[in-house]
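Chemist: Top to bottom, those sequences are chains A and B.
So that you can map any letter, position 33 of the first sequence is 33 in the numbering used here, and since no number is skipped, the others follow by simple counting.
So that you can map any letter, position 100 of the second sequence is 1100 in the numbering used here, and since no number is skipped, the others follow by simple counting.
Pasting a structure here, questions to come.
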Amino acid sequence: GIQVEQSPPDLILQEGANSTLRCNFSDSVNNLQWFHQNPWGQLINLFYIPSGTKQNGRLSATTVATERYSLLYISSSQTTDSGVYFCAVEGDYKLSFGAGTTVTVRA
Amino acid sequence: SQTIHQWPATLVQPVGSPLSLECTVEGTSNPNLYWYRQAAGRGLQLLFYSVGIGQISSEVPQNLSASRPQDRQFILSSKKLLLSDSGFYLCAWSQGGYTQYFGPGTRLTVL
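Next comes the structure, spelled out in structure tokens:
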């Protein structure tokens, strides 16, 4: 199956800081999604981004499919951004998840 | 709009007992349905997926099974739970190969 690697595994930020999360994948994919898992376990869709760049408020994402990576940018981080961020790639209707990046934003 | 429900929210079961977790989707028809498990502090592992009523694909050999008795209902079952079955179980749906949307999850503790 497709291998998905996320980095860094852990990230501690001061409120207001910017950060970049990376997702590398081992093969061509039909779909790539970024999720945020909140402290209660709910997985929230952030982006559906098989290629190109998208922005949603303080978050943006870029996927370079030809080079098999995606980046998630968090700007002006807030404590509510804390949680685990997952990248997932899809082949044959199935999502393969990375291990996640745990983000802690300190006030 | 579409919504996805899972119950129960939490469950504590003894080893060897049976299991039934239910997932239902509202506001869409013929969705693809998925069961994932997340062990503590780890990523998600796909267990089963279904592209139609009565059709189930298994990704990981284990003592769990899944069924889809109705178009928008997906059930995860076990005849005898193991300690290793503890975890956070998430159901998801999608239309075709597009965005997957996740339910609130069930936290299962097997003692």
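Every residue gets a Cβ at the ideal spot worked out from N, C-alpha and C, and that includes glycine.
These numbers come from a predicted model, not from an experiment.
Pick helix, strand or coil for A:S19, following the three-state DSSP scheme.
Modeler: Correct three-state label for A:S19: strand.
Chemist: Using a C-beta to C-beta distance shorter than 8 Å, which residues of chain B count as neighbours of A:A99?
Modeler: Per Cβ cutoff of 8 Å: R1042 and G1043.
Chemist: With H, G and I counted as helix, E and B as strand and the rest as coil, what does DSSP make of B:A1009?
Modeler: Three-state result, B:A1009: coil.
Chemist: Residues of chain A with CB under 7 Å from B:L1090, in chain order?
Modeler: What B:L1090 touches in chain A: L43.
Chemist: Whose Cβ in chain A lies nearer than 7 Å to the Cβ of B:P1008?
Modeler: Within chain A, no residue comes near B:P1008; the closest Cβ sits about 14 Å away, beyond 7 Å.
Chemist: Rounded C-beta distance between A:R68 and A:F25? I'm assuming under 8 Å.
Modeler: The pair is a contact, with the Cβ atoms about 5 Å apart (cut-off 8 Å).
Chemist: Determine, using beta carbons only, whether B:G1027 comes closer than 8 Å to chain A.
Modeler: Taking Cβ atoms only, chain A never reaches closer than 8 Å to B:G1027, which makes this a no.
Chemist: Restricting to Cα atoms, I'd like to know which of A:Q6, A:G41 and A:N31 is closest to B:Y1089.
Modeler: With distances taken between Cα atoms, B:Y1089 lies closest to A:G41.
Chemist: Can you tell me which of A:G57, A:Y48, A:I74 and A:L43 puts its alpha carbon nearest to the alpha carbon of A:Q33?
Modeler: Answer by Cα proximity: A:Y48.
Chemist: Would A:G16 pass as a contact of A:S96 if the rule is Cβ separation under 8 Å?
Modeler: Against a cut-off of 8 Å, the Cβ pair of A:S96 and A:G16 comes out as no contact.
Chemist: At 9 Å on the CB atoms, spell out the chain B contacts of A:Y69, in chain order.
Modeler: Residues of chain B passing the Cβ test: none, with the nearest at roughly 18 Å.
Chemist: How do the region 1068-1076 of chain B and the region 1047-1058 of chain B stand: do at least 3 beta-carbon pairs fall below 8 Å, yes or no?
Modeler: Output reads yes: the region 1047-1058 of chain B touches the region 1068-1076 of chain B.
Chemist: Between the region 2-15 of chain A and the region 98-106 of chain A, do at least 3 Cβ pairs fall closer than 8 Å?
Modeler: The region 2-15 of chain A vs the region 98-106 of chain A: in contact.
Chemist: With a cut-off of 8 Å on the beta carbons, I'd call A:L13 and A:V84 a contact; round off their distance for me.
Modeler: Contact doesn't hold; Cβ gap of about 14 Å is too wide.
Chemist: What separation, rounded to the nearest whole angstrom, lies between the Cα atoms of B:Q1006 and B:C1091?
Modeler: Spanning the two alpha carbons is a distance of roughly 7 Å.
Chemist: Taking Cβ positions, are B:T1106 and B:P1018 nearer each other than 8 Å?
Modeler: In this structure, B:P1018 does not lie closer than 8 Å to B:T1106 by Cβ.
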